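Working notes, structure below.
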Amino acid sequence: SWAAPTEPRGTLRGFNVTYVDTPFGASADSDPRASYDELGVDVHHWSESLTDLPPNSEVRVSVRAVTCAEGDKGQEFTCVVTRVEPPPPPQLPAGPPPVAAPTSFPMALPVVSDRNGPLRCCQIIIIAMKEDESLAELETRVGGPDVMLTDDAPDDGQTEPYVALALSGDVYHTMDAVQIGDEAPCDHECCQQKELTDPG
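Note that the sequence shown covers residues 155 to 354 in the numbering used here.
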């Protein structure tokens, strides 16, 4: 809550509440996201539930009087939102399907959200589908992406999938397409079992 300025710079027209959120783990050169609420001249309070603020962020809130000349900003308050939410589904690349070679095929990488923290590692996992098998049937047979190659996966999901390629977060964000290998074992550090089972 706040009190109206004792000496406004011109006719007081209302108040602007600004809240700026910065995701934890964001790079130093990333731009924070700002949101604004415009309030009437008789409104001297503002509140927002933590469940409605952006997840996994530090949120800074300030209020400013609105006149014909911009007023000074009030004291800034900071709160921490520790809630973690699943990232939005990645936007799959559009356009014609890639052309596969006898032993490899290209793959366009979708944009992945860093809202819950920096991307640490991306694994390209290959599974051979059976003839006339649907994607839903495949997931039932080998398990979802979060359990494949772990002890929690069905038997087929522990033996059939293999990690064809692993990319660090920095490499992932700088590549538009990757070339999948020819079933050679993956020796990247994030192909180890502890990485597969670590949800962080």
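Glycine is no exception: its CB is placed at the ideal position from the N, C-alpha and C atoms.
This one's a predicted model, so the numbers in the text were calculated from it and none came from an experiment.
CB of residue i within 7 Å of CB of residue j, strictly
| i | j | result |
| --- | --- | --- |
| VAL238 | ASN210 | yes |
| ILE280 | ALA318 | yes |
| VAL325 | MET261 | no |
| VAL195 | GLY168 | yes |
| ALA307 | GLY297 | yes |
| LEU292 | MET302 | no |
| VAL234 | LEU207 | no |
Spatial neighbours of residue i in its chain, beta-carbon cut-off 6 Å, leaving aside the 5 residues before and after
| i | result |
| --- | --- |
| CYS276 | LEU321, TYR326 |
| SER155 | HIS198, HIS199 |
| GLY311 | VAL296, GLY297, MET302 |
| ASP191 | VAL171 |
| LEU204 | VAL235 |
| SER189 | TYR173 |
Neighbourhood of residue i by C-beta distance below 8 Å, restricted to the same chain and skipping five residues each side
| i | result |
| --- | --- |
| THR232 | GLU212, VAL213, ARG214, VAL215 |
| VAL197 | GLY168, PHE169 |
| LEU273 | VAL266, GLY323, TYR326, HIS327 |
| LEU166 | ALA158, PRO159, VAL195, ALA219, VAL220, THR221 |
| VAL217 | TRP156, PHE169, ASN170, VAL171, THR172, TRP200, LYS227, GLY228 |
| GLU230 | ARG214, VAL215, SER216 |
| ASP309 | none |
Residue i, buried or exposed, once every other Cβ within 10 Å from all chains shown has been counted against 16
| i | result |
| --- | --- |
| GLY249 | exposed |
| VAL171 | buried |
| ALA255 | exposed |
| VAL220 | buried |
| PRO240 | exposed |
| PRO299 | exposed |
7 Å CB neighbourhood of residue i in its chain, flanking five on each side removed
| i | result |
| --- | --- |
| THR176 | PRO186, SER211, GLU212 |
| GLU314 | ILE281, ALA282, VAL296 |
Item to check | Completely contained beta strand (DSSP E) runs for the segment 264-319, where each covers 3 or more residues | outcome: 275-280
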